[in-house]
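Visitor: Chains as they are written, first to last, in UniProt numbering: chain X, 1 to 822; chain F, 1 to 255.
Once you've had a glance at the structure underneath, I'll fire off some questions.
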Amino acid sequence: MLRLALQTARRRVAALVAVACAMFGGAALVTGIGVIAESGLRSQMPVERLARADVVVSAPQSHQPPEDLPIGLPERNRLPVELTERLAGVPDVTAVIGDVSFPAAVLSAQGTPVTASGHGWSATRLADEPGVTGQPPTRPDELAVDAGTAAAAGVQAGDRVNAVVAGRTAQFRVTAVVTSPEPGLYFADDTAIQFTERRVDFIAIQAAPGRTDNVATAVREALGDNDLVVSTGADRGDVESPGAAAARSFLPALAGSMAGVTLLIIGFIVAGALSVSIAGQRRDLALLRAVGASPKQIRGLAAGQATLMAAPALVLGAGAGYLLADLFRGMLVGLGFLPAGLPLTVSPFPAVAALLLLLLVVQAAARGSAWRTSRLPATEAVSESRVEPRTPSKTRTYAGVLLIVAANVIAVIPLVSQTSLGANTTAIAGILATVGLGLCGPAMVRWVSSVLAAKLPARVSAPTWLAVANTNGYAMRVAGAVTTLAMAVVFTLTYTLTQTTLITAIDRDVEATGKAELHVTAPATGGLPQDALDAITTTPGVKAAAPVSTTTVLWPGSVFGQIQVESSSALILTPAAANVLDLDVRSGDLNDLTGATVAVSGDADLGSEVGFHLGDGTFVKAKVVATYGRGLGIGEVVVSRDLAIGHTTSGLDQRILIRTDDPGTVRASLASNPVLVVGEGSGLATGTGIPPELWINIVVLGVLLGYLLLGIANKLVASTAQRRAELANLRLIGATARQLRRMMRREASVICGIALVTGLVLAAVPIVLLSLGLLGQPWPAGPVWLLPLVMGVVVVIAFAAIELPTWQALRPPPVDARNHQS
Amino acid sequence: MTRPHHALRTGPFETVPTAAVTLAEVSKIYPGGVRALDGVSLTVDRGRFVAVMGPSGSGKSTLMHCASGLDTPTSGKVFIDGTEISSLTENRRTELRRRNVGFVFQSYNLVPSLTIADNITLPLRLAGAAADQEWMRTLAGRVGLTDRLSHRPAELSGGQQQRAAIARALIARPAVLFADEPTGALDLRTGRNVLDLLRELVNELGQTVVMVTHDPAAAAHADLVLIMADGHIVDTLTGASPTTLAHRIATVEAE
Chain X
1 MLRLALQTAR
11 RRVAALVAVA
21 CAMFGGAALV
31 TGIGVIAESG
41 LRSQMPVERL
51 ARADVVVSAP
61 QSHQPPEDLP
71 IGLPERNRLP
81 VELTERLAGV
91 PDVTAVIGDV
101 SFPAAVLSAQ
111 GTPVTASGHG
121 WSATRLADEP
131 GVTGQPPTRP
141 DELAVDAGTA
151 AAAGVQAGDR
161 VNAVVAGRTA
171 QFRVTAVVTS
181 PEPGLYFADD
191 TAIQFTERRV
201 DFIAIQAAPG
211 RTDNVATAVR
221 EALGDNDLVV
231 STGADRGDVE
241 SPGAAAARSF
251 LPALAGSMAG
261 VTLLIIGFIV
271 AGALSVSIAG
281 QRRDLALLRA
291 VGASPKQIRG
301 LAAGQATLMA
311 APALVLGAGA
321 GYLLADLFRG
331 MLVGLGFLPA
341 GLPLTVSPFP
351 AVAALLLLLL
361 VVQAAARGSA
371 WRTSRLPATE
381 AVSESRVEPR
391 TPSKTRTYAG
401 VLLIVAANVI
411 AVIPLVSQTS
421 LGANTTAIAG
431 ILATVGLGLC
441 GPAMVRWVSS
451 VLAAKLPARV
461 SAPTWLAVAN
471 TNGYAMRVAG
481 AVTTLAMAVV
491 FTLTYTLTQT
501 TLITAIDRDV
511 EATGKAELHV
521 TAPATGGLPQ
531 DALDAITTTP
541 GVKAAAPVST
551 TTVLWPGSVF
561 GQIQVESSSA
571 LILTPAAANV
581 LDLDVRSGDL
591 NDLTGATVAV
601 SGDADLGSEV
611 GFHLGDGTFV
621 KAKVVATYGR
631 GLGIGEVVVS
641 RDLAIGHTTS
651 GLDQRILIRT
661 DDPGTVRASL
671 ASNPVLVVGE
681 GSGLATGTGI
691 PPELWINIVV
701 LGVLLGYLLL
711 GIANKLVAST
721 AQRRAELANL
731 RLIGATARQL
741 RRMMRREASV
751 ICGIALVTGL
761 VLAAVPIVLL
771 SLGLLGQPWP
781 AGPVWLLPLV
791 MGVVVVIAFA
801 AIELPTWQAL
811 RPPPVDARNH
821 QS
Chain F
1 MTRPHHALRT
11 GPFETVPTAA
21 VTLAEVSKIY
31 PGGVRALDGV
41 SLTVDRGRFV
51 AVMGPSGSGK
61 STLMHCASGL
71 DTPTSGKVFI
81 DGTEISSLTE
91 NRRTELRRRN
101 VGFVFQSYNL
111 VPSLTIADNI
121 TLPLRLAGAA
131 ADQEWMRTLA
141 GRVGLTDRLS
151 HRPAELSGGQ
161 QQRAAIARAL
171 IARPAVLFAD
181 EPTGALDLRT
191 GRNVLDLLRE
201 LVNELGQTVV
211 MVTHDPAAAA
221 HADLVLIMAD
231 GHIVDTLTGA
241 SPTTLAHRIA
251 TVEAE
């Protein structure tokens, strides 16, 4: 029986192509997202500096919230240096190196900084075969420098040189030039440890040949039940670069945020393609019903056949998913979201998950499409199979209306929660509303076409008259086309305008926050030297100056009533910040940002205490001293510098904002210090250029839109191709090919018209709510050409996808069609 | 009932301007060399009811397609109501069919999205003419569907749908009505009603009808019965009973 159904399916090439494309694209997208998510959980940074360390001990570099995925900590969580002595006595250990890294730069004769990372001398033993020219540094005012940096700064062994080390400028004697793979300044181990407050980044252990595993076990025992991490092999890569490893942990969240919209659209397209394919076979299924197949068998047959048709495309699509994920990784690296070295994890798991998920969708969609035919009494099934179901069921219509209402309720979220998380519900709401339209569409099309029919003048041309009659009589088929086109409109508008509106809102917030005329950074020295703030404050013309840095904190947020720890970006400020930033303080005072204090966005009780983790994982309790209104632009929380100090990797201020009436003079005065880089304004704004997040969303939009439009075109072509018999019949009655083409064009116009209007209406509510929430105005921010472009594309696709198969269907003389028909 | 002997002439080409349909030496060869019609000539006079019988593959359907202008012959000429049609373009032939030819098919071929009234007047609309409501009501009354005009085809029985199709075929007052197995999908009793209706249309309105059928009982309603085999008209029978026809067909099939 299955073979029979497959043979009948072979005749419906257009429908088959539609199903295959939907499956291929769906499998590729789901697998791709799966690979991204899995890489975020399992991929590891390559081992570089630690190549010659067999065992590495480090402090935990991630926070494990209860019942949730671990969150990577971007700031280095350090260890007390005393641990190195305890590990030196472990058997088979040949060397124990407490490694530190800190920002450092040597200054050339002209004072130009040359960036290099600061380390202890023993770190040179981690590199492969270091070539050393000179003596190791032993005194606090000695250092060794790598060959590349030495050349760039114009120094050699024996020279005296100025260097900015961990924010302090001092003179050093160069004792050696070493070859190392990356720029580095090497200090006596005891000196190096002072720059990081006698704490080491990690402890690298070299073991006797072949004893790595024994040493790792012994080290674990020696450490006791400390929750320190002992790594060997590939695990060492993550220890090397905690920032990169933390960046990786954003991948599952990114995949999660893409998955919602993507799965909805895939479900929509797959179900649409299958319903067209099965509608074309309704007569075959009804005949099978008449010869004794039970309703359950019919549904099983439809599902089994759909699965067989889908399987090859699914398998190919899953394979393409891995390529897609790699392209996406390349894009993330290009945008600076991911470290270039991070590889993708390639395992069969995402493909298997995608296949299972899509097969489930296929089964459900096929059974759903065959539901009505399968349940009719056998005789009625045959007679009804010639005509589509006449009246759309009331349940279906009400379910659709309910879904649209529910979608609009969800769309209220951005009005209540003005965050990027809240803004993302807008696109979901729009798409859900379109699915609702799919359900109540037939009833709506029926109503619209009745109104049209009533308004039609008596002497209207036959093609127009037929087109209106068909729209009314085939409301189900028309609604299918309308819904898919409306989906394109709704998806493009809500998704794009959500991004542009959010960006505009953030920009406005950030712009309103920054009051400074100038800002100063020092990228070459890895942060501002410690004397920079005093120097700037005392510069003539400076009215006020305050340091502004960003870090990441793990902040307990309430998501749907549940307290959930989220990684969130936070500003580090001093009381002086009130002079250079306008945070729209609602209560309290930024002047109180001293000691263990925070300011938070939105509502909070002043004086209450909050507990949270700093960027290196340290749990702290802090008093709320102020609340502010610009949470969208600057983040949920501001941490006092007193509290954050010692919990960031560099330990230095990242930026100093300056208020002045005379920027020119201040600029000129500061120009004498080559370490400092002075810029206009606060430099906080994302304003110039498109921010990377938007690029990701635009790429996701592009891929999904391509998939959606292909799906729509396929569906329209397939459903038009299935009207061959209907068109042939009209020709036998006396319609010319020209009349029928005109009829089809009129139908396309009606379909486009309804789709554009409903699409605009369904998209309008979520977008207006979003705009009110974020911008305080009913219209969104975004390109003006978006709407006409979307409408143009929808019209072109609808007409092309209907016109081409119509020509094809009308090519053979009517008598041929009659021969095939019987 | 007396039947004029000259109602049907087969043989050498003759121009008869008054004839509803004339075929002159018509041959139809399909790609692959199948000779479905082999030099067939015939004239159907106005007001006659002609049945075409023959086993499967005898060429009776091809004869109907060529005679009605649905298809063009490979050679020979076809006149419908005096117009030579085999040289016309597809569009011109469509227009001519719309005006001069009515069709009734086994599968009714009503448009499901239109009411019965709209189905009946559809050929007029397609021709760009005003729907002649009075003639439509007359026809509907004649086929017994006056109370069904606002229904859709799916709400009607098979016999009712076929009667609606007959009314539609007559709306443009065609020179000839072609019926292809009009009772093929109907039960015996309903089929008999449809045949009686066709007979009455011939008798009362002088409608010319050409019917293709394999059913001897159906063919017996006609004035004349042509028997086809291998692309030729092998026999013509007048006033034959179903039994005679069944016997004759059995002989042809056995040859």
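Heads up, the beta-carbon is just placed ideally off N, CA and C, and yes, glycines get one too.
1) Residue 123 of chain F touches chain X at which residues, Cβ-Cβ below 8 Å?
2) Counting only the same chain and skipping the five closest in sequence on each side, list residues whose C-beta sits under 6 Å from that of residue 72 of chain F.
3) How is residue 65 of chain F classed by DSSP in three states: helix, strand or coil?
4) Got a sec, what are the start and stop residues for the beta strand (DSSP E) residue 497 of chain X sits in?
5) Spell out whether any CB of chain X is found under 7 Å from the CB atom of residue 113 of chain F.
6) Buried or exposed for residue 672 of chain X, please, with buried defined as at least 16 other CB atoms from any protein chain shown within 10 angstroms of its CB.
7) Could you tell me which residues DSSP pairs with residue 779 of chain X in its beta bridges?
8) Return no unless some Cβ of chain F is closer than 7 Å to the Cβ of residue 635 of chain X.
9) List the residues of chain F that residue 473 of chain X touches, going by C-beta distances under 9 Å, in chain order.
10) Mind checking the stretch 35–69 of chain F against chain B and listing, in chain order, the residues whose C-beta falls within less than 7 Å of any C-beta there?
11) In this structure, does DSSP put residue 74 of chain X in helix, strand or coil?
12) Quick test of your reading: residue 627 of chain X and residue 600 of chain X, contact by CB under 8 Å. State the CB separation rounded to the nearest angstrom.
13) Counting only beta-carbon atoms, is residue 177 of chain F nearer than 7 Å to chain X?
14) Going straight from the alpha carbon of residue 395 of chain X to that of residue 307 of chain X, what length do you get?
15) With DSSP as the reference, label residue 811 of chain X as helix, strand or coil.
16) Would you report the Cα separation of residue 236 of chain X and residue 56 of chain X, rounded to the nearest angstrom?
17) Whole angstroms are fine: how far does the CA of residue 30 of chain X sit from the CA of residue 732 of chain X?
18) Going by beta carbon distance, what residues of the same chain come within less than 6 Å of residue 226 of chain F, once the five residues before and after it are set aside?
19) Exposed or buried, residue 455 of chain X, counting other C-beta atoms within 10 Å across all chains shown (16 or more means buried)?
20) Under 7 Å, Cβ to Cβ, is there at least one residue of chain F near residue 451 of chain X?
21) Output the boundary residues of the alpha helix (DSSP H) element that contains residue 680 of chain X.
22) So residue 62 of chain X packs on residue 70 of chain X, CB below 8 Å; how close in whole Å?
23) When the Cα of residue 791 of chain X is compared with those of X:777, X:771, X:758, which residue comes out closest?
24) Starting from the Cα of residue 284 of chain X, find the closest Cα among X:374, X:65, X:328 and give me that residue.
25) Could you tell me which residues DSSP puts in a beta bridge with residue 626 of chain X?
26) Measure the Cβ-Cβ separation of residue 132 of chain X and residue 178 of chain X and say whether it is below 7 Å.
27) Terminal residues of the continuous beta strand (DSSP E) containing residue 79 of chain F?
28) How do the stretch 38–57 of chain F and the stretch 206–225 of chain F stand: do at least 3 beta-carbon pairs fall below 8 Å, yes or no?
29) Please compile the residues from chain X whose C-beta is within a distance smaller than 9 Å of the C-beta of residue 100 of chain F.
30) Any beta-carbon of chain F closer than 7 Å to the one on residue 823 of chain X?
31) Would you kindly work out how many angstroms separate the C-alpha atoms of residue 181 of chain F and residue 211 of chain F, rounded to a whole number?
32) Going by C-alpha to C-alpha distance, which of F:79, F:207, F:214 sits closest to residue 252 of chain F?
33) Could one say the Cβ of residue 213 of chain F lies closer than 7 Å to chain X's Cβ atoms, at least one of them?
34) What residues from chain F crowd round residue 738 of chain X, counting only those whose CB sits closer than 9 Å?
35) Our contact map puts residue 824 of chain X next to residue 433 of chain X with C-beta atoms below 8 Å; I'd like the distance itself, whole angstroms only.
36) Going by other Cβ atoms of all chains shown within 10 Å of its Cβ, with 16 needed for buried, is residue 171 of chain F buried or exposed?
Guide: In short, the structure shows the following:
1) Here residue 123 of chain F refers to the residue found at position 123 of the second sequence. Those are 733, 734, listed as they occur along chain X.
2) As a position in the second sequence, residue 72 of chain F is number 72, starting the count at 1. Around residue 72 of chain F: 86.
3) By one-based count along the second sequence, residue 65 of chain F stands at place 65. Residue state, collapsed to three classes: helix.
4) Within the first sequence, numbered from 1, the residue matching residue 497 of chain X stands at position 497. For residue 497 of chain X, there is no enclosing beta strand (DSSP E); the enclosing alpha helix (DSSP H) has its first and last residue at 475–513.
5) Here residue 113 of chain F refers to the residue found at position 113 when the second sequence is read from its first residue. Yes - at least one Cβ of chain X is within 7 Å of the one on residue 113 of chain F.
6) Here the question's residue 672 of chain X lines up with position 672 in the first sequence. Label assigned to residue 672 of chain X: exposed.
7) Numbered from 1 along the first sequence, position 779 holds the residue referred to as residue 779 of chain X. In DSSP, residue 779 of chain X forms no bridge with anything.
8) As a first step, residue 635 of chain X must be located in the first sequence, where it is residue number 635. Cβ-Cβ to chain F under 7 Å: no for residue 635 of chain X.
9) Translated into the one-based positions of the first sequence, residue 473 of chain X becomes position 473. Simply 111, 112, 113, 114, 152.
10) This model lacks chain B altogether, as its protein chains are X and F.
11) Position 74 of the first sequence holds residue 74 of chain X. Coil at residue 74 of chain X, not helix or strand.
12) Position 627 of the first sequence, counting from 1, holds the residue named residue 627 of chain X. Position 600 of the first sequence, counting from 1, holds the residue named residue 600 of chain X. Contact holds; Cβ gap of about 6 Å.
13) Within the second sequence, residue 177 of chain F is the residue found at index 177, counting from 1. Answer no: the Cβ-Cβ gap between residue 177 of chain F and chain X never drops below 7 Å.
14) Position 395 of the first sequence, counted from the start, is the residue given in the question as residue 395 of chain X. Position 307 of the first sequence, counted from the start, is the residue given in the question as residue 307 of chain X. Answer to the nearest angstrom: the Cα atoms are 28 Å apart.
15) In the first sequence, the residue the question calls residue 811 of chain X occupies position 811. If DSSP states are grouped into helix, strand and coil, residue 811 of chain X belongs with coil.
16) Here residue 236 of chain X corresponds to residue number 236 of the first sequence, with the count starting at 1. Here residue 56 of chain X corresponds to residue number 56 of the first sequence, with the count starting at 1. Here the alpha carbon of residue 236 of chain X sits roughly 7 Å from the alpha carbon of residue 56 of chain X.
17) As a working mapping, residue 732 of chain X is identified with position 732 in the first sequence. As a working mapping, residue 30 of chain X is identified with position 30 in the first sequence. For residue 732 of chain X and residue 30 of chain X, the distance between alpha carbons rounds to 47 Å.
18) As a first step, residue 226 of chain F must be located in the second sequence, where it is residue number 226. Once the five neighbours on either side are set aside, the close Cβ partners of residue 226 of chain F are 52, 233, 236.
19) In the first sequence, residue 455 of chain X corresponds to position 455, counting from 1. Counting of Cβ neighbours within 10 angstroms places residue 455 of chain X among the exposed residues, the total staying below 16.
20) By one-based count along the first sequence, residue 451 of chain X stands at place 451. Closer than 7 Å: no.
21) Residue 680 of chain X sits at position 680 when you count from the first residue of the first sequence. It is not in any alpha helix (DSSP H) - residue 680 of chain X instead sits in the beta strand (DSSP E) that spans 677–680.
22) On the first sequence, position 62 is the one that residue 62 of chain X refers to. On the first sequence, position 70 is the one that residue 70 of chain X refers to. Contact between residue 62 of chain X and residue 70 of chain X holds: their C-beta atoms lie close to 4 Å from each other, under 8 Å.
23) Position 791 of the first sequence, counted from the start, is the residue given in the question as residue 791 of chain X. It is X:758.
24) The residue you call residue 284 of chain X lines up with position 284 of the first sequence. Of X:374, X:65, X:328, the smallest CA-CA separation from residue 284 of chain X is found for X:374.
25) For this step, residue 626 of chain X is matched to residue 626 along the first sequence. In the DSSP assignment, residue 626 of chain X forms a beta bridge with X:588, X:599.
26) For the purposes of this step, residue 132 of chain X is identified with residue 132 of the first sequence, where counting begins at 1. For the purposes of this step, residue 178 of chain X is identified with residue 178 of the first sequence, where counting begins at 1. For residue 132 of chain X and residue 178 of chain X, yes; Cβs fall inside 7 Å.
27) To locate residue 79 of chain F, count along the second sequence from 1; it is residue 79. In the DSSP assignment, residue 79 of chain F falls within the unbroken beta strand (DSSP E) covering 75–80.
28) Proximity of the stretch 38–57 of chain F to the stretch 206–225 of chain F meets the contact definition, three or more beta-carbon pairs being nearer than 8 Å.
29) One-based indexing of the second sequence puts residue 100 of chain F at position 100. Within 9 Å Cβ-Cβ: nothing; residue 100 of chain F doesn't reach chain X, min ~10 Å.
30) Nothing about residue 823 of chain X can be read from this structure; chain X reaches only from 1 to 822.
31) Along the second sequence, one-based indexing puts residue 181 of chain F at 181. Along the second sequence, one-based indexing puts residue 211 of chain F at 211. For residue 181 of chain F and residue 211 of chain F, the distance between alpha carbons rounds to 7 Å.
32) To locate residue 252 of chain F, count along the second sequence from 1; it is residue 252. If we check each option's Cα against that of residue 252 of chain F, F:214 comes out closest.
33) Position 213 of the second sequence, counting from 1, holds the residue named residue 213 of chain F. Not an interface residue.
34) Within the first sequence, the letter at position 738 stands for residue 738 of chain X. Contact annotation for residue 738 of chain X against chain F: 91 [CB-CB distance below 9 Å, chain order].
35) In the structure as shown, chain X begins at 1 and stops at 822. Residue 824 of chain X is therefore absent and cannot be evaluated.
36) Reading the second sequence from its first residue, position 171 is the one you call residue 171 of chain F. By the C-beta density criterion, residue 171 of chain F is buried, having at least 16 other C-beta atoms within 10 angstroms.
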